[in-house]
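Q: Have a look at this one.
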Amino acid sequence: MLAGAVLGGVLHVVAQAVSCDDDPSVAHPVCRVVRKDWGVPVRVTERGVRRLPLVMGGIDGVPE
């Protein structure tokens with residue numbers, strides 16, 4: 027929720043994800059950490075877009 031006088035600004039989003047190899051025969055599986063920062067300029071309007079896709083690792087999280 028934004029104050030009525032606020033018409034826009036920069037939305038700052040930070041996401042972090044970890045994925046690890048899933049092989050029970052490997053004693054020490056490899057893990058990867060991915061971190062992404064977005065600074066998205068936004069403008070608040072009555073008919074604005076209601077979804078902001080932020081792509082992390084090539085996927086925006088919504089199934090086709």
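Remember, the working numbering sits 26 above the position in the sequence shown when you count from 1.
The beta-carbon is built from N, C-alpha and C at its ideal position, and this holds for glycine as well.
None of these values were measured; they are calculated from a predicted model.
1) Taking C-beta to C-beta, are Val-36 and Val-56 nearer than 8 angstroms?
2) Excluding the five sequence neighbours on either side, which residues of its own chain have a C-beta within less than 6 angstroms of the C-beta of Lys-62, listed in chain order?
3) For Arg-61, which residues does DSSP report across the bridge?
4) Identify every residue that forms a DSSP beta bridge with Gly-120.
5) How big is the Cα-Cα spacing for Ala-43 and Asp-49?
A: The answer reads as follows:
1) no
2) Ala-41 and Met-82
3) Gln-42
4) For residue 120 there is no data in the structure shown, the boundaries of the chain being 27 and 90.
5) 19 angstroms
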